[in-house]
Amino acid sequence: MADSASELESDTNSMNDGPTARLMTPNHIEYMQRRMESLQQENVVLKTELEKYKQRVKTLEDDNVRLRRASVSIQARAEQEEEFISNTLLKTIETLKKDKEELAMKYEQEEECLTNDLSRKLFQLQQEKQTLETTLEHEQQKEINKLKKNTERLEADIKHKQALLEELRRDKVQLENELEHEQEALVNRLWKRMSTLESEKRRLQQQLNGHTDIPSPRNNIEDDSSAASLRNEVYRLRQQVTNLQADHERRTAESEAKEKSAREENTYKHRRPLLSARRERSLSENSSEVIKRANTSSSKN
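Heads up: the sequence shown runs through residues 1 to 301, numbered per the UniProt record's numbering.
The structure is reproduced here in C-alpha cells:
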C-alpha cells in the first residue's frame, strides 16, 4: 500500500508537471482526489500499523532483553546448582570411599577374626577327633579284652554247667535205677511175704481141717501177732515206696529246675556278649558319626 501511494503521488506529480495537466477533466480530478484521500487513509492506517509493529518490536526487544537476562540468570543458577551438585556428589563420593574403606577394613578384620576362630575350632576338632579315636580305640580294646575274658569265663562256666548237667543226668538215671531196684526188691519181698502168708494160711487151714480140737489161745495170739506184724511190714513197705517216689519226684524236679536254670543262664550268658558287641558297635558308629560331622563342619568352614 505504501508503494501504491508513492506511485500515485509520483503519477500525480508527473501529471501536474506534464503537458497533460492542462487537459485533465473535473471528473478525472475528482477521481484523483478521492484516490488521494483513499491513499491518505491507507497511509494513516499503515502508519498506525507501523506504530503497532514498532511497539511490538520494542516489546519483543524488551522481551528479548528480559529473556537474555533470565537466560543469564538461569545459566548462572544452573551453574550454581551444577557446582552444588558436583560438590555434593564429591562429598558423597568421598563419604562412600571412606565408608568403603572402613567396610573393607572391617571385613578384613572380621575375616581375619573368623579365620582365626575357624582355625582354632578346626584345631580343637582335630584334637577332639584324635582324643575320640584314641579313647575309642582304648575302649574297643578294653571291651574286646573284656569280651574275651567273659567268653573264656562263659565257656568254662558252660563246660562246668554241662558237666553238672551230665552229673545230674547220671544221678537221675542212677536214682531211677535205684528206685526201680528198690521197687523190684520191695515187690519181691511183698511177693515172698504174700507167699509166706498164703503158705501159713494153708497150713492153718489144714490144721483147722485136720484137728477138731479148739486151738490153744497161744496159737491164736501167735497168729494174730504174725498177722499184725505182716500188716505193719506191708504198711512200712508201702510208706517206704511212697517216700522213695516222693524223693525221686523231688530230685527229678530239682534236676529239671537246675537244668532249666542252667539253660537260661547259658542263654543269657550267650546273649550278653552279643548285647555288649551291639552296644560297642553302636558306640563306635556314634563316635564315627561325630567324627564325620566334625570333619564335614571343618571342611565347610
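Glycine included, C-beta positions come from ideal geometry on N, C-alpha and C. Being a predicted model, the structure only gives us computed values, none of them experimental.
- Task: Measure how close the beta-carbons of L168 and K260 come, nearest whole angstrom, since I'm counting them as under 8 Å.
- Result: By one-based count along the sequence shown, residue 168 stands at place 168. By one-based count along the sequence shown, residue 260 stands at place 260. Wrong, their Cβ atoms sit about 11 Å apart, outside the cutoff.
- Message: Distance check for E166 and E233, CA to CA, integer angstroms please.
- Response: The residue given as residue 233 occupies position 233 in the sequence shown. The residue given as residue 166 occupies position 166 in the sequence shown. Going by the C-alpha atoms only, they are around 38 Å apart.
- Give the straight-line distance between the Cα atoms of D157 and K146, rounded to the nearest whole angstrom. Residue numbering aside, residue 157 sits at position 157 when the sequence shown is read from its first letter. Residue numbering aside, residue 146 sits at position 146 when the sequence shown is read from its first letter. Approximately 16 Å, taken between the alpha carbons.
- Looking only at its own chain, which residues have a Cβ that is under 7 Å from the Cβ of K58, when we skip the five neighbours before and after it? Locating residue 58 in the sequence shown gives position 58, counting from the first residue. Counting only Cβ-Cβ distances below 7 Å, and skipping sequence neighbours, we find nothing.
- Query: With distances taken from CA atoms, which of L283, T25, L125 is nearest T296?
  - Reply: Translated into positions along the sequence shown, residue 296 becomes position 296. Taking only the C-alpha atoms, the option nearest T296 is L125.
- Message: Counting only C-beta atoms, is W191 closer than 8 Å to chain C at any point?
- Response: Going by chain labels, chain C is absent from the structure shown, which holds only one protein chain.
- Starting from T151, trace the alpha helix (DSSP H) both ways and give me its first and last residue. For the purposes of this step, residue 151 is taken as residue 151 along the sequence shown, with counting starting at 1. Per DSSP, T151 belongs to the alpha helix (DSSP H) from 26–210.
- Query: Based on Cα-Cα distance, which residue from K172, A104, Q240, Q80 lies nearest to L190?
  - Reply: Residue mapping note: residue 190 aligns to position 190 of the sequence shown, counting from 1. Considering only alpha carbons, the answer is Q240.
- Task: Report back the beta-carbon spacing between K172 and S255 to the nearest angstrom; my notes put them in contact at under 8 Å.
- Result: As a first step, residue 172 must be located in the sequence shown, where it is residue number 172. As a first step, residue 255 must be located in the sequence shown, where it is residue number 255. At roughly 5 Å, the Cβ-Cβ gap stays under 8 Å, so K172 and S255 are in contact.
- Would you report the Cα separation of Q33 and R56, rounded to the nearest angstrom? For the purposes of this step, residue 33 is taken as residue 33 along the sequence shown, with counting starting at 1. For the purposes of this step, residue 56 is taken as residue 56 along the sequence shown, with counting starting at 1. Roughly 34 Å between the two C-alpha positions.
- Task: Give the straight-line distance between the Cα atoms of Y107 and N87, rounded to the nearest whole angstrom.
- Result: Taking the first residue of the sequence shown as position 1, residue 107 is located at position 107. Taking the first residue of the sequence shown as position 1, residue 87 is located at position 87. Taking the straight line from one Cα to the other gives about 29 Å.
- Item | Whether R251 touches L175 by CB criterion (8 Å) | Position 251 of the sequence shown, counted from the first residue, corresponds to residue 251. Position 175 of the sequence shown, counted from the first residue, corresponds to residue 175. It is a contact, given that the beta carbons lie within the stated cut-off.
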